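S.K.: Dumping the structure here so I can ask a few things about it.
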Amino acid sequence: MPYLLAFLLSLTVLTGCQSAYYSAMEQVGIHKRDIMVDRVEDANEAQQDAQQQFTSALDALKALNQFDGGELESAYNQVNDQYEASNDAAEKVRERIAAIEDVADALFDEWQDELELYSSSKLRRDSESKLNSTKASYQRMLSAMHRAEQKMGPVLDTLRDNTLYLKHNLNAAAIGSLQGEFQSLQRDIQRAITDMEAAIAESERFISQLQRS
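If you're matching positions, the sequence shown starts at 2 in the numbering used here and goes up one per residue.
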């Protein structure tokens, strides 16, 4: 079984076709709703990582604002490293959301198409009702995720601006001029974290809804 799965996945990589991927996974007993749950959980993990990373970036800037002597180059490198790590964390969140959207389209299209296969109108109506409620839950989750994703933009912009400013003005006076930026960044990070926590809570409700359907 592991060899078959590896072979099917390798074919998918070569073709670059998501529909081929889903078909291959179904042949080994992994269905679209299973993939959906896994991808939502991956997105939750990515958002949790982003929260931790943004907090680390804030701590690095806080330490820089309290700089009272020493190697400025080292302090700058720490801030730059935190910016790059934060950018990577945000990109991972974006990728995870895109992966969810892809499997959701495939799952809901299949579900909709299969409604036509029912001979029992009662069962068809029940399945259609579950489809609609699951779609509604999905849209709430997706909206929450996109809100959180958008809040990451101001954080990354401020981190990038601070990093660039320090790169070209590596002196104590430059550090002092970033005091106001720190307060703004602190607010932006808290907003992003709050929205990510809301998105995670919404995704947990969606998983529960999907597993009941």
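C-beta: ideal position from N, C-alpha, C; glycine also.
Predicted, not measured: the structure shown is a model, and the values here were computed from it.
Using DSSP with H/G/I as helix, E/B as strand and the rest coil, what is N81?
M.R.: As a first step, residue 81 is located in the sequence shown; it is residue number 80 there, counting from the start. Of the three classes helix, strand and coil, the one that applies to N81 here is helix, per DSSP.
S.K.: For K33, count neighbouring C-beta atoms within 10 Å of its own C-beta (all shown protein chains included) and say buried if the count is 16 or more, exposed if not.
M.R.: Taking the first residue of the sequence shown as position 1, residue 33 is located at position 32. Only buried fits K33, as 16 or more other CB atoms lie within 10 angstroms of its CB.
S.K.: Output yes or no for whether 9 Å exceeds the beta carbon distance between Y139 and S128.
M.R.: Mapped onto the sequence shown, residue 139 falls at position 138. Mapped onto the sequence shown, residue 128 falls at position 127. Going by C-beta atoms, Y139 is not nearer than 9 Å to S128.
S.K.: Tell me which residues share the same chain as N88 and place their Cβ nearer than 7 Å to its Cβ, disregarding the 5 neighbours each side in the sequence.
M.R.: By one-based count along the sequence shown, residue 88 stands at place 87. Cβ neighbours of N88 beyond the five flanking positions: L157.
S.K.: Could you tell me the distance, in whole angstroms, from the CA atom of R265 to the CA atom of K93?
M.R.: Any property of residue 265 remains undetermined from this structure, which presents the chain solely from 2 to 214.
S.K.: Buried or exposed: which applies to S204, given that a residue is buried once 16 or more other Cβ atoms fall within 10 Å of its Cβ?
M.R.: For this step, residue 204 is matched to residue 203 along the sequence shown. Flag for S204 reads buried.
S.K.: In terms of residues, what are the limits of the alpha helix (DSSP H) holding S24?
M.R.: Sequence index remark: in the sequence shown, residue 24 carries index 23 (1-based). Run containing S24: 19 to 28, per the alpha helix (DSSP H) assignment.
S.K.: For Q151, which three-state DSSP category applies?
M.R.: As a first step, residue 151 must be located in the sequence shown, where it is residue number 150. Helix, per DSSP.
S.K.: Would you grab the beta carbon distance between A107 and S20 for me? Rounded to a whole angstrom, and I think it's under 8 Å.
M.R.: Against the sequence shown, residue 107 aligns to sequence position 106. Against the sequence shown, residue 20 aligns to sequence position 19. With 8 Å as the limit, A107 and S20 qualify as a contact, their Cβ atoms being about 7 Å apart.
S.K.: When you compare each of R192, L167, D189 to L65 by their alpha carbons, which one comes out closest?
M.R.: In the sequence shown, the residue the question calls residue 65 occupies position 64. Taking L65 as reference, the option from R192, L167, D189 with the minimal CA-CA separation is L167.
S.K.: Of the residues L171, A44, N172, E182, which one's Cα is nearest the Cα of T159?
M.R.: Reading the sequence shown from its first residue, position 158 is the one you call residue 159. The residue with the shortest Cα to Cα distance from T159 is E182.
S.K.: Tell me whether H169 sits in a helix, a strand or coil according to DSSP, three-state version.
M.R.: Here residue 169 refers to the residue found at position 168 of the sequence shown. Collapsing the DSSP output to three states places H169 in a helix.
S.K.: Under 9 Å between the Cβ atoms of H147 and I190?
M.R.: Taking the first residue of the sequence shown as 1, we reach residue 147 at position 146. Taking the first residue of the sequence shown as 1, we reach residue 190 at position 189. No; because the gap between Cβ atoms is not below 9 Å, this pair is not in contact.
S.K.: Under 8 Å by Cβ, that's how I've got A200 and A137 pegged, so tell me the actual separation to the nearest angstrom.
M.R.: As a position in the sequence shown, residue 200 is number 199, starting the count at 1. As a position in the sequence shown, residue 137 is number 136, starting the count at 1. Not quite, the Cβ-Cβ distance comes to about 16 Å (not below 8 Å), so this is no contact.
S.K.: What are the boundary residues of the alpha helix (DSSP H) that includes I208?
M.R.: Position 207 of the sequence shown, counted from the start, is the residue given in the question as residue 208. 180 to 213 is the span of the alpha helix (DSSP H), which, as asked, contains I208.
S.K.: Could you pull the start and end residues of the alpha helix (DSSP H) that Q67 belongs to?
M.R.: The count along the sequence shown starts at 1 and reaches residue 67 at position 66. Segment: none, Q67 is in no alpha helix (DSSP H) and carries neither H nor E.
S.K.: Please return the same chain residues whose Cβ sits closer than 6 Å to the Cβ of L132, not counting the five positions on each side in sequence.
M.R.: Numbered from 1 along the sequence shown, position 131 holds the residue referred to as residue 132. Only W112 meet the Cβ criterion.
S.K.: Apart from the five residues just before and just after M153, which ones in its own chain have a Cβ nearer than 6 Å to its Cβ?
M.R.: Counting from 1 along the sequence shown, the entry for residue 153 is found at position 152. The answer, listed in chain order, is A91, A193.
S.K.: As a quick exercise: from E27, K63, Q53, L124, pick the residue whose alpha carbon is nearest that of S185.
M.R.: Against the sequence shown, residue 185 aligns to sequence position 184. With distances taken between Cα atoms, S185 lies closest to K63.
S.K.: Just to confirm before moving on: does the CB-CB distance between A58 and V80 stay below 9 Å?
M.R.: Locating residue 58 in the sequence shown gives position 57, where the first residue counts as 1. Locating residue 80 in the sequence shown gives position 79, where the first residue counts as 1. Yes; because the gap between Cβ atoms is below 9 Å, this pair is in contact.
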